[in-house]
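Participant:
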Amino acid sequence: ATWAAAVGDTAAALVGMRFGAHRSPRDGKSLEGSAACAIATLAGAWLLASLPFAIALGASVVAAVAERLPWPRDDNARLVALVGAAVVAGRALRY
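First residue of the sequence shown? That's 1 in this note's numbering, and the numbers climb one at a time after it.
#1: Could you give the distance in angstroms between the alpha-carbon of leucine 31 and the alpha-carbon of phenylalanine 19?
#2: Counting only the same chain and skipping the five closest in sequence on each side, list residues whose C-beta sits under 8 Å from that of aspartate 27.
#3: Comparing C-alpha positions only, which one of Ala49, Arg23, Ile55 sits nearest to leucine 93?
#4: By Cβ distance below 6 Å, which residues in the same chain neighbour glycine 58 in space, the five residues on each side in sequence not counted?
#5: In terms of residue numbering, what span does the alpha helix (DSSP H) encompassing arginine 91 cover?
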């Protein structure tokens, strides 16, 4: 979950600034940045944390959605909490 905040959110910011062509008029976040967040989170959850692919994919979708939401302050704490909850829920449903 911390990987999503550290690497996923950073990937979203960097890719969004460089390649962000499809931006939200509300907060300026880009669709490309959200995709980068999902890909970076998926890579970390599946390859580094060795989570099952379905759980890693679910966590990456949650990370991308959480990154897009218009939080009033820093979104990293909420991102960690939501991705962590998704992983716990995925493991509970799987086992």
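From the three backbone atoms N, C-alpha and C, an ideal C-beta is built for every residue, glycine too.
The model shown is predicted, which means the values in this text are computed figures rather than measured ones.
Facilitator: Quick answer:
#1: Position 31 of the sequence shown, counting from 1, holds the residue named residue 31. Position 19 of the sequence shown, counting from 1, holds the residue named residue 19. Distance between the alpha carbons of leucine 31 and phenylalanine 19 is about 10 Å.
#2: Taking the sequence shown and counting its residues from 1, the one referred to as residue 27 is at position 27. Answer for aspartate 27: Pro70, listed in chain order.
#3: Counting from one through the sequence shown, the residue named residue 93 turns up at place 93. Checked all of Ala49, Arg23, Ile55; the closest Cα to leucine 93 is Ile55.
#4: Counting from 1 along the sequence shown, the entry for residue 58 is found at position 58. Answer for glycine 58: Ala86, Gly90, listed in chain order.
#5: For the purposes of this step, residue 91 is taken as the residue at position 91 of the sequence shown. 76 to 94 is the span of the alpha helix (DSSP H), which, as asked, contains arginine 91.
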